[in-house]
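Residue numbers (the numbering used here): 462 to 675.
For every residue, glycine included, the Cβ atom is placed at its ideal position computed from N, Cα and C.
First the structure, in the form of structure tokens, and then the observations on it.
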Ligand SMILES: Cc1cc2nc3c(=O)[nH]c(=O)nc-3n(C[C@H](O)[C@H](O)[C@H](O)COP(=O)(O)O)c2cc1C
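Listed below in structure tokens is the structure:
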């Protein structure tokens, strides 16, 4: 199949995941092109956080109430960011698209813009991937990025058929001590057990490729 791996990566972690997916798909005999999503202007992490900061209390409440989480995801105003011209602005020629980026509270802003910029997305099968600093907490990490991504992808007339997320064990704002503690408390394992090079990460990539191939 002809596939596209499109990703945004600010500090290189999601790029490694994109490369792993790319390699595995090529190993399976697919023709894979790569689109690196580049923001028009590279801002500091502080500015990026600040743009979304007013919504952080709502995200925190989502951890304690499912009803609130549903309300939050439904009403969340996704921040977007201008991106540079794309190599493949029209993705009609591809059978499958893999789209990824870091978790920035929810979708990273350039990825949100990318999904609404590309042409030919209607009817496509999309695989979503991401990295985040913390361990794979079901609500705070996984749902809060993949649910809005699924909603946006469906709104654009496409279908999300695969997902994979791994921890980078890196947070530009220095939140790793908190995430390390959360990993020990929730999983009784270090956050490094959920990185790309771990069994969790390797199996995640293989399962993702199985799903996107279907
Ligand atoms: C604005 C911003 C928000 C972030 N939000 C989260 C978050 O909600 N959860 C998390 O675990 N990590 C969060 N991170 C950390 C990144 O998701 C993590 O470092 C990611 O692996 C970076 O990917 P990259 O190296 O491809 O840019 C955030 C980072 C930034 C800059």
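| query | Helix, strand or coil for residue 465 per DSSP? | reply | In the chain shown, the residue the question calls residue 465 occupies position 4. Residue state, collapsed to three classes: strand.
| query | Cβ of residue 564 versus every heavy atom of ligand 1: is any distance shorter than 7 Å? | reply | Counted from its first residue, the chain shown places residue 564 at position 103. For residue 564, the shortest C-beta to heavy atom distance toward ligand 1 is below 7 Å.
| field | Completely contained beta strand (DSSP E) runs for the stretch 616 to 669, where each covers 3 or more residues | value | List check, beta strand (DSSP E) in window: 620 to 628.
| Taking C-alpha atoms, which residue in 554, 596 and 481 lies nearest to residue 644? | The count along the chain shown starts at 1 and reaches residue 644 at position 183. Among 554, 596 and 481, the Cα nearest to that of residue 644 belongs to 596.
| request: Alpha carbon to alpha carbon, how far is residue 602 from residue 518? Give it in angstroms, no decimals. | output: Here residue 518 corresponds to residue number 57 of the chain shown, with the count starting at 1. Here residue 602 corresponds to residue number 141 of the chain shown, with the count starting at 1. Their Cα atoms are separated by approximately 15 Å.
| Rounded C-alpha distance that separates residue 491 from residue 462 | In the chain shown, residue 491 corresponds to position 30, counting from 1. In the chain shown, residue 462 corresponds to position 1, counting from 1. C-alpha separation (whole angstroms): 5 Å.
| field | Opposing strand residues paired with residue 561 [DSSP bridges] | value | In the chain shown, residue 561 corresponds to position 100, counting from 1. DSSP output for residue 561 lists 468 and 590 as bridge partner(s).
| said: Does the distance between the C-beta of residue 521 and the nearest non-hydrogen atom of ligand 1 fall short of 7 Å? | reply: Taking the chain shown and counting its residues from 1, the one referred to as residue 521 is at position 60. Every heavy atom of ligand 1 is 7 Å or more from the Cβ of residue 521, so no.
| query | Opposite residue 580 in the DSSP bridges: which residues? | reply | Here residue 580 refers to the residue found at position 119 when the chain shown is read from its first residue. 551, per the DSSP bridge assignment.
| Can we count residue 538 as close to ligand 1, meaning its CB is less than 7 Å from some heavy atom? | Sequence index remark: in the chain shown, residue 538 carries index 77 (1-based). It does not: the Cβ of residue 538 is nowhere closer than 7 Å to a heavy atom of ligand 1.
| Can residue 510 be considered in contact with ligand 1, in the sense that its beta carbon sits closer than 7 Å to one or more heavy atoms? | The sequence position of residue 510 within the chain shown is 49, counting from 1. Checking every heavy atom of ligand 1 against the Cβ of residue 510, one is found closer than 7 Å.
| field | Outcome for residue 608 when other beta-carbon atoms lying within 10 angstroms are tallied against a minimum of 16 | value | Stepping through the chain shown from its first residue, residue 608 is reached at position 147. So residue 608 ends up on the buried side.
| query | Of the residues 651, 592 and 641, which one's Cα is nearest the Cα of residue 625? | reply | Position 164 of the chain shown, counting from 1, holds the residue named residue 625. Residue 592 is the option with its Cα nearest to residue 625.
| field | CA-to-CA distance, residue 511 to residue 541, given in whole angstroms | value | The residue you call residue 541 lines up with position 80 of the chain shown. The residue you call residue 511 lines up with position 50 of the chain shown. Approximately 13 Å between the Cα atoms of the pair.
| Any non-hydrogen atom of ligand 1 within 7 Å of residue 476 CB | Working through the chain shown from its first residue, we reach residue 476 at position 15. With a threshold of 7 Å, the Cβ atom of residue 476 counts as near ligand 1, since some heavy atom of the ligand is closer than that.
| field | Same chain, Cβ closer than 6 Å to residue 548, neighbours up to 5 away in sequence not counted | value | For this step, residue 548 is matched to residue 87 along the chain shown. Exclusion of the five residues before and after residue 548 leaves 496 as the residues of its chain whose Cβ lies within less than 6 Å of its Cβ.
| Can you tell me whether residue 565 is buried or exposed, with buried defined as 16 or more other CB within 10 angstroms of its CB? | Numbered from 1 along the chain shown, position 104 holds the residue referred to as residue 565. Residue 565 is buried by the Cβ-count criterion.
| At which residues does the alpha helix (DSSP H) containing residue 510 begin and terminate? | Your numbering for residue 510 matches position 49 in the chain shown. Counting along the chain, the alpha helix (DSSP H) containing residue 510 begins and ends at 506 to 513.
| query | Considering only residues of the same chain and omitting the five flanking positions on each side of residue 581, which have a CB-CB separation below 7 Å? | reply | For the purposes of this step, residue 581 is identified with residue 120 of the chain shown, where counting begins at 1. Around residue 581: 551, 552 and 553.
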